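Colleague: In this note's numbering, each number is its position in the first sequence, counted from 1, plus 2.
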Amino acid sequence: MFRFEIIKKVGLARLTKLTTPHGTVEGPFFQFVATQGAVRGQVFAEDLEKMGVQIVLANTYHLHLRPGEDVVEAGGGLHGFMQWSHPVTTDSGGYQVFSLGKNVKLDSDGVTFASPIDGNKYRLTPESAVQIEAKLGADIIMPLDVCTPYGADREKVAAAVEQTSKWAARCKAEWERAGKDTQALYGIVQGSIYKDLREKSAAALREIGFFGYSIGGEMRDVTATSMDEGVRMTTQFLPEDAPRYLMGAGMPEDIVRAVRAGVDQFDCVLPIRNARHGKIYRNLNIKELAACLQDPERPVEADKLYEVMDITKSSFKDDQQVFSPGNPVITKDYSVSYVHHLMRCEAPSGFRLVVLHNIYFYVQLMREIRAVLDK
RNA sequence: CCAGGGGUGGCAGAGCGGCUGAUGCGCGGGUCUGUAAAACCCGUUUAGGUUGGUUCAACUCCAACCCCCUGGA
Numbered sequence: 003m004f005r006f007e008i009i010k011k012v013g014l015a016r017l018t019k020l021t022t023p024h025g026t027v028e029g030p031f032f033q034f035v036a037t038q039g040a041v042r043g044q045v046f047a048e049d050l051e052k053m054g055v056q057i058v059l060a061n062t063y064h065l066h067l068r069p070g071e072d073v074v075e076a077g078g079g080l081h082g083f084m085q086w087s088h089p090v091t092t093d094s095g096g097y098q099v100f101s102l103g104k105n106v107k108l109d110s111d112g113v114t115f116a117s118p119i120d121g122n123k124y125r126l127t128p129e130s131a132v133q134i135e136a137k138l139g140a141d142i143i144m145p146l147d148v149c150t151p152y153g154a155d156r157e158k159v160a161a162a163v164e165q166t167s168k169w170a171a172r173c174k175a176e177w178e179r180a181g182k183d184t185q186a187l188y189g190i191v192q193g194s195i196y197k198d199l200r201e202k203s204a205a206a207l208r209e210i211g212f213f214g215y216s217i218g219g220e221m222r223d224v225t226a227t228s229m230d231e232g233v234r235m236t237t238q239f240l241p242e243d244a245p246r247y248l249m250g251a252g253m254p255e256d257i258v259r260a261v262r263a264g265v266d267q268f269d270c271v272l273p274i275r276n277a278r279h280g281k282i283y284r285n286l287n288i289k290e291l292a293a294c295l296q297d298p299e300r301p302v303e304a305d306k307l308y309e310v311m312d313i314t315k316s317s318f319k320d321d322q323q324v325f326s327p328g329n330p331v332i333t334k335d336y337s338v339s340y341v342h343h344l345m346r347c348e349a350p351s352g353f354r355l356v357v358l359h360n361i362y363f364y365v366q367l368m369r370e371i372r373a374v375l376d377k
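#1: Quick check on this structure: which residue in V73, A171, R125 and T166 has the alpha carbon closest to the alpha carbon of K137?
#2: Is the CB-CB distance between L65 and P245 below 9 angstroms?
#3: Once you ignore the five residues that flank C347 on each side, which residues in its own chain have a CB closer than 6 angstroms to its CB?
#4: Let me know the alpha helix (DSSP H) ranges lying completely inside the segment 107-167, each 4 residues or longer, listed in chain order.
#5: Between the segment 86-93 and the segment 105-112, are three or more C-beta pairs nearer than 8 angstroms?
#6: Taking the beta strand (DSSP E) that F268 falls in, what are its first and last residues?
#7: So the candidates are V12, T37, E290 and V233; which of them puts its Cα closest to the Cα of C270?
#8: Determine the direct distance from the alpha carbon of K182 to that of M3, and round the result to whole angstroms.
#9: Just the C-alpha distance for V58 and L199, rounded to the nearest angstrom, thanks.
#10: Could you pull the start and end residues of the beta strand (DSSP E) that Q33 belongs to?
#11: Which term fits R259, buried or exposed, when burial requires 16 or more other beta carbons within 10 angstroms of its beta carbon?
#12: For N276, is the classification buried or exposed, using 16 other Cβ atoms within 10 angstroms of its Cβ as the cut-off for buried?
#13: Looking at the structure shown, is Y283 part of a helix, part of a strand, or coil, going by DSSP?
#14: Please classify N360 as buried or exposed, where buried requires at least 16 neighbouring CB atoms within 10 angstroms.
#15: So what does DSSP say about R372, is it helix, strand or coil?
#16: Would DSSP call Y97 helix, strand or coil?
#17: Tell me the DSSP secondary structure of C203 in three-state form.
#18: I'd like the list of long-range same chain contacts for Y364, defined as Cβ closer than 7 angstroms, with 5 residues on each side in sequence excluded.
#19: Look up T18 in the DSSP assignment and give the residues it is bridged to.
#20: Does I190 come out as helix, strand or coil in the three-state DSSP assignment?
#21: Considering only DSSP beta bridges, list what Y215 is partnered with.
#22: Sorted by chain position, which residues of the same chain lie with C-beta nearer than 6 angstroms to K10's C-beta, five sequence neighbours on each side aside?
#23: Could you tell me the distance, in whole angstroms, from the CA atom of L358 to the CA atom of E157?
#24: What does a CB cutoff of less than 7 angstroms around L375 pick up in its chain, not counting 5 residues either side in sequence?
#25: So what's A226 in DSSP terms, helix, strand or just coil?
#26: For the segment 114-125 against the segment 70-84, do three or more pairs of beta-carbon atoms, one drawn from each stretch, fall closer than 8 angstroms, so that the two count as touching?
#27: Per DSSP, what kind of secondary structure is D320 in: helix, strand or coil?
#28: Would you give the residue range spanned by the alpha helix (DSSP H) that L102 belongs to?
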């Protein structure tokens, strides 16, 4: 039910096509984050569909806490629950082990969380994570892993790699037991900035065998040297014919750098969070984008590639003024007013429109990247 | 015109006879990368209707005036 094809290669970059039970995804692609089954900011599945979003990412840990995988399953799995007929990925909760920090206890068998919602204890093991993910019913599922914080010393990273490898094997075994050919399981490479540990981690995962491979770790680890280099540190040890997923990478310049280093798949909360926090992306420079993709040596400079505009809450006092088609602030390029028109929505409320704007910017960014690679 | 209530930063709104007069909003700046985030951090420069009086000391007490709100004629 799954197939991964490389349509074309441009240097290390790949134009790809991923077939899933819920349709195909053209890569390189970006997964918008819908942690609890919805993109924050009053964005509906219908909005995503209209804008050409191909795939979204939900979170096992969060859905397990609320509303619970049984509820989601009863609602027809994530696809039914979200009213979304296209592909979905679920992250395992591995990242929460890292980001929830002090509320988490890690042992060799799994992790125990104190829920930030009510303080109740929840336990996640490699097996239970996969079981929950089976019920959630996403197309692509991630194994439970151990993500290290930025600057972690070698010893800690080595331990995380070790743990991640063991858990990966257990996830794979559980996935086989479930016998679900409607879900593709990935492996997650850890190792931070230590090349030999990345190699070791990748080798262990290849040994187990996964449909796709992710580059995990805190983003600042990956960018510690440079994005291109940081990504290649891992991709060089990954199989050619499997999807490569850089987890959590999201600045447009990061995406461009990673694509030309051979990454096919991304996700990030940034476009959506930044929209809610008043940062809008616009004026994508397609010529610069093409130049960067065609010349891997060319430095990718954010301010040459696109523009970031700040929007304060006061801008929303008079939506008419900010979002009127005549306002030069938003009519250039992939404008809010364009999205407004696209969505045919009446009075925009709060940050919804800004979120839609940024989503659309990313949709266009990925489309342009594919278009350049296809040329 | 009569009776009662009130005038505090850009706005809303506490408290107090002396110490940096809260707090919220707004505004400005910053942070954000597999979402504990429509969040968080920093800043916002001579803010007490007016004029007098009491007092060592008044935004706080008193008087007059100006203005606003409510009720009445």
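By construction, the Cβ of each residue, glycine as well, lies at the ideal position given by its N, Cα and C atoms.
The structure presented is a predicted model; accordingly, all values stated were derived computationally and were not measured.
Modeller: On the basis of the data shown:
#1: Start at 1 with the first residue of the first sequence, and residue 137 comes out as number 135. That would be V73, whose Cα lies nearest to the Cα of K137.
#2: By 1-based counting over the first sequence, the position of residue 65 is 63. By 1-based counting over the first sequence, the position of residue 245 is 243. Not closer than 9 angstroms, so no.
#3: Locating residue 347 in the first sequence gives position 345, where the first residue counts as 1. Unreliable positioning characterises C347 in this predicted model, as indicated by a pLDDT of 38, which lies under 50. The coordinate reading is nonetheless provided below. Result list for C347: empty, nothing under 6 angstroms.
#4: Within the segment 107-167, complete alpha helix (DSSP H) segments of at least 4 residues are found at 128-138, given in chain order.
#5: Touching, no, given that fewer than three Cβ pairs across the two stretches are closer than 8 angstroms.
#6: Position 266 of the first sequence holds residue 268. In the DSSP assignment, F268 falls within the unbroken beta strand (DSSP E) covering Q267 to C270.
#7: Along the first sequence, one-based indexing puts residue 270 at 268. When only C-alpha atoms are compared, the closest one is T37.
#8: Within the first sequence, the letter at position 1 stands for residue 3. Within the first sequence, the letter at position 180 stands for residue 182. Their Cα atoms are separated by approximately 10 angstroms.
#9: The residue you call residue 58 lines up with position 56 of the first sequence. The residue you call residue 199 lines up with position 197 of the first sequence. The alpha-carbon atoms of V58 and L199 are separated by roughly 30 angstroms.
#10: Stepping through the first sequence from its first residue, residue 33 is reached at position 31. Boundaries of the beta strand (DSSP E) harbouring Q33: F31 to V35, taken from the DSSP string.
#11: On the first sequence, position 257 is the one that residue 259 refers to. Buried.
#12: In the first sequence, residue 276 corresponds to position 274, counting from 1. N276 comes out buried.
#13: Sequence index remark: in the first sequence, residue 283 carries index 281 (1-based). Y283 falls in the strand class under three-state DSSP.
#14: Within the first sequence, numbered from 1, the residue matching residue 360 stands at position 358. Answer is buried; the Cβ neighbour count reaches 16.
#15: Sequence index remark: in the first sequence, residue 372 carries index 370 (1-based). Note: R372 maps to helix in three-state DSSP.
#16: On the first sequence, position 95 is the one that residue 97 refers to. Three-state DSSP puts Y97 in a helix.
#17: By one-based count along the first sequence, residue 203 stands at place 201. According to the sequence as given, residue 203 is Ser; it is not Cys. Here S203 carries a helix assignment [DSSP, helix/strand/coil].
#18: By 1-based counting over the first sequence, the position of residue 364 is 362. Excluding positions up to five away in sequence, the list reads F32 and P273.
#19: In the first sequence, the residue the question calls residue 18 occupies position 16. Beta-bridge pairing by DSSP links T18 to I8 and G29.
#20: The residue you call residue 190 lines up with position 188 of the first sequence. The three-state secondary structure of I190, taken from DSSP, is strand.
#21: Locating residue 215 in the first sequence gives position 213, where the first residue counts as 1. Checking the DSSP bridge columns, you'll see Y215 partnered with G189 and R246.
#22: To locate residue 10, count along the first sequence from 1; it is residue 8. Cβ within range, chain order: L17.
#23: On the first sequence, residue 358 is found 356 positions in, with the first residue counted as 1. On the first sequence, residue 157 is found 155 positions in, with the first residue counted as 1. When rounded, the distance between both Cα atoms is 43 angstroms.
#24: In the first sequence, residue 375 corresponds to position 373, counting from 1. In the same chain as L375, and ignoring 5 residues on each side of it, the C-beta atoms closer than 7 angstroms to its own belong to K10, V12, A15, L17 and L295, in chain order.
#25: Looking up residue 226 in the first sequence gives position 224. DSSP, read as helix, strand or coil, puts A226 in coil.
#26: Note that the segment 114-125 does not touch the segment 70-84; fewer than 3 beta-carbon pairs, one per stretch, sit closer than 8 angstroms.
#27: One-based indexing of the first sequence puts residue 320 at position 318. Residue placement at D320 is poorly supported in this model, since its pLDDT is 42, which falls under 50; the coordinates still yield a value, given next. In the structure shown, D320 sits in coil (DSSP, three-state: anything other than H, G, I, E or B).
#28: As a first step, residue 102 is located in the first sequence; it is residue number 100 there, counting from the start. If you look at L102, you'll find it isn't in any alpha helix (DSSP H); DSSP assigns it neither H nor E.
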